[in-house]
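Heads up, the thing below is written out as structure tokens.
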Amino acid sequence: MNIPKVLDSEEVYKGRIITVRKDTLTRGDGKTFVRETAVSADAVAVAALDEENRILLIRQYRHPMGQPVWEIPAGKMDVDGETPEETAIRELQEETDTTAGTLRLLTVFYNSAGWTNEKTYVYLAKDLKEVPEFERENEEADIEKRWLPLAEAYEMVKSGELADAKTVIGILLACK
-18 MNIPKVLDSE EVYKGRIITV RKDTLTRGDG KTFVRETAVS ADAVAVAALD EENRILLIRQ
42 YRHPMGQPVW EIPAGKMDVD GETPEETAIR ELQEETDTTA GTLRLLTVFY NSAGWTNEKT
102 YVYLAKDLKE VPEFERENEE ADIEKRWLPL AEAYEMVKSG ELADAKTVIG ILLACK
């Protein structure tokens, strides 16, 4: 395979969550092409199952969709030095006031390899316990929590009612 070489790289936007980079590449035949990349910190997602085999979902406003979305708890790895496991526990606590005694990596996937470098670590959390309520702000201020039988969540994935990618992956792998 002929791997393109980067001739030039320019940061065209730097925000709080993403940086957009414009790269000029060549395949070695002298022809050049441009690709834009959204550079982002990696993320975690947590499929939290209780002793009744129910999965914990949250519903929060997601601005890119312009509506609230049901999903598994998740978040960016945006704390320096924090491991994916530590981020998973932190996000579970912040979004659901729950912690896990057991955490197991289910998979790692690239969110959209054609335009971003972001990958998501998906964990299965068990042996859950409540923790003191976290003070949430912005979109997270209105988070709703819902325990759903895993079999019902699976049916909602099949019907398209649950369509968030990390949630679909987490539910499908939690069913195994």
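The working numbering numbers the first residue of the sequence shown as -18 and each following residue consecutively. Note that the Cβ used here is the ideal one computed from N, Cα and C, for glycine as well. Being a predicted model, the structure only gives us computed values, none of them experimental.
Taking residue i and residue j to be in contact with their CB atoms under 8 angstroms, please state how far apart those CB atoms are, rounded to whole angstroms.
i           : j           : result
residue 36  : residue 155 : 6 angstroms
residue 25  : residue 6   : About 31 angstroms separates the two Cβ atoms, so there is no contact after all.
residue 172 : residue 79  : Past the edges of the chain, shown from -18 to 157, lies residue 172, and the structure says nothing about it.
residue 53  : residue 30  : Residue 53 to residue 30, Cβ: 10 angstroms. No contact.
residue 151 : residue 89  : Not a contact, Cβ separation roughly 12 angstroms.
residue 27  : residue 40  : About 15 angstroms separates the two Cβ atoms, so there is no contact after all.
residue 34  : residue 131 : 5 angstroms
residue -11 : residue 42  : Incorrect: roughly 38 angstroms between the Cβ atoms, too far for contact.
residue 72  : residue 55  : 6 angstroms
Using a Cβ-Cβ distance under 8 angstroms, would residue i count as near chain C?
i          : result
residue 29 : You won't find chain C in this structure, because it holds only one protein chain.
To which residues does DSSP link residue i through a beta bridge?
i           : result
residue 52  : 39
residue 78  : None; residue 78 has no bridge partner.
residue 71  : Partner(s): none; residue 71 has no beta bridge.
residue 14  : 6
residue 128 : 37
residue 85  : 105
residue 0   : -5 and 20
residue 111 : 79
residue -13 : 6
residue 91  : 100
residue 143 : Its beta-bridge partners do not exist; DSSP assigns none.
residue 195 : Any question about residue 195 goes unanswered here, given that the chain covers just -18 to 157.
Can you grab the Cα-Cα spacing for the pair residue i / residue j, in whole Å?
i           : j           : result
residue -15 : residue 8   : 4 angstroms
residue 168 : residue -3  : No answer is possible for residue 168: it lies beyond the span of the chain, which begins at -18 and ends at 157.
residue 64  : residue 86  : 12 angstroms
residue 74  : residue 67  : 11 angstroms
residue 148 : residue 13  : 38 angstroms
residue 77  : residue 4   : 39 angstroms
residue 135 : residue 127 : 15 angstroms
residue 121 : residue 1   : 25 angstroms
residue 125 : residue 45  : 19 angstroms
residue 15  : residue 113 : 49 angstroms
residue 92  : residue 100 : 6 angstroms
residue -9  : residue 133 : 47 angstroms
residue -18 : residue 10  : 13 angstroms
residue 62  : residue 23  : 13 angstroms
residue 69  : residue -7  : 31 angstroms
residue 57  : residue 117 : 15 angstroms
residue 158 : residue 60  : This structure does not reach residue 158, given that the chain is present from -18 up to 157, and the question cannot be answered.
residue 157 : residue 138 : 15 angstroms
- Task: Spell out a yes or no on whether the region 6 to 25 and the region 90 to 102 are touching, meaning 3 or more CB-CB pairs, one atom from each, closer than 8 angstroms.
- Result: yes
- Within the chosen definition, does the region 131 to 146 reach the region 68 to 87 through at least 3 CB pairs nearer than 8 angstroms? no
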